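In my numbering, the protein residues as written are 2 to 150. Encoded as structure tokens, the structure appears first; notes follow it.
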Ligand code: ADP
């Protein structure tokens, strides 16, 4: 069984994240979406709400699991017997960071990182953008999956 974890903050989960997960299912038998509890990042949407919302989006997809974690991503991957980490790259701004993380995770846990390039139509979408719109009571429906609208 080829299993990958897709780690992130998902604060909130966007269409860009959704697209990476769907494409990940073409590569892996199972994708575990790991919502990292990050003590240094201030959260906008409570982590339990994020978990519930993402579970709802994928409720009809048995090959996707959703879990909160508060350990190293390599340890989370090991707990799930996953040998791969799935991540998305929007552009050069993501690239250096992802490369460093991929090298660290390879060294720490012998885990391979698989990077997928964002579809151009989603490249400008970020959780930060959605949070900003949300804070001004603006419509976010063009940026989040249907079931979150
Ligand atoms: P983190 O806090 O770990 O960066 P995020 O929730 O911001 O977590 O992102 C999780 C993953 O999703 C990262 O690999 C990020 O590059 C990717 N991602 C974020 N936005 C998009 C998007 N619009 N299209 C594709 N991938 C994205």
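Quick reminder that beta carbons are idealized off the backbone N, C-alpha and C, glycines included. Owing to the predicted nature of the structure, the values given are computational and were not obtained by experimental measurement.
Between residue 124 and residue 91, is the Cβ-Cβ spacing less than 9 Å?
Taking the chain shown and counting its residues from 1, the one referred to as residue 124 is at position 123. Taking the chain shown and counting its residues from 1, the one referred to as residue 91 is at position 90. Contact: yes.
Measuring from the CB of residue 40, is there a heavy atom of the ligand ADP at a distance below 8 Å?
Counted from its first residue, the chain shown places residue 40 at position 39. Not under cutoff, so the answer is no.
Does the beta-carbon distance from residue 75 to residue 37 come in below 9 Å?
In the chain shown, residue 75 corresponds to position 74, counting from 1. In the chain shown, residue 37 corresponds to position 36, counting from 1. For residue 75 and residue 37, no; Cβs fall outside 9 Å.
Specify, as a first and last residue, the run of the beta strand (DSSP E) that residue 66 falls within.
Sequence index remark: in the chain shown, residue 66 carries index 65 (1-based). Start and end: 65 to 70.
With a threshold of 6 Å on Cβ separation, who are the neighbours of residue 46 within its own chain once the five nearest residues in sequence on each side are excluded?
Indexing the chain shown from 1 puts residue 46 at position 45. Excluding residues within five positions, the ones whose Cβ falls inside 6 Å are 12, 13.
Taking the CB atoms as reference points, tell me whether residue 84 and residue 53 lie closer together than 9 Å.
Numbered from its first residue, the chain shown carries residue 84 at position 83. Numbered from its first residue, the chain shown carries residue 53 at position 52. For residue 84 and residue 53, no; Cβs fall outside 9 Å.
Relative to the ligand ADP, is the shortest distance from any of its heavy atoms to the C-beta of residue 20 smaller than 8 Å?
Against the chain shown, residue 20 aligns to sequence position 19. Yes, the ligand ADP has a heavy atom inside 8 Å of this Cβ.
How close, in whole Å, do the beta carbons of residue 33 and residue 81 come, if the pair is a contact with beta carbons under 8 Å?
In the chain shown, the residue the question calls residue 33 occupies position 32. In the chain shown, the residue the question calls residue 81 occupies position 80. Their Cβ separation, rounded to whole angstroms, is 5 Å, which keeps residue 33 and residue 81 in contact under 8 Å.
Alpha carbon to alpha carbon, how far is residue 107 from residue 26? Give it in angstroms, no decimals.
Indexing the chain shown from 1 puts residue 26 at position 25. Indexing the chain shown from 1 puts residue 107 at position 106. Cα to Cα, the separation comes out at about 22 Å.
May I ask you to report which of helix, strand or coil DSSP gives residue 91?
Working through the chain shown from its first residue, we reach residue 91 at position 90. In this structure, residue 91 counts as coil in the three-state DSSP scheme.
Relative to the alpha-carbon of residue 8, which residue among 30, 58, 72, 43 has its alpha-carbon at the smallest distance?
Here residue 8 refers to the residue found at position 7 of the chain shown. Nearest C-alpha to residue 8: 72.
Just tell me which of 137, 105, 146 has its CA closest to the CA of residue 126.
Your numbering for residue 126 matches position 125 in the chain shown. Ranking the options by Cα distance to residue 126, first place goes to 146.
Does residue 22 come out as helix, strand or coil in the three-state DSSP assignment?
Translated into the one-based positions of the chain shown, residue 22 becomes position 21. Residue 22: helix per DSSP, three-state reduction.
Based on Cα-Cα distance, which residue from 51, 96, 105, 19 lies nearest to residue 122?
Start at 1 with the first residue of the chain shown, and residue 122 comes out as number 121. Residue 19 is the option with its Cα nearest to residue 122.
Check residue 44 in the structure and name its three-state DSSP category.
In the chain shown, counting from the first residue as 1, residue 44 sits at position 43. DSSP places residue 44 in coil when its eight states are reduced to three.
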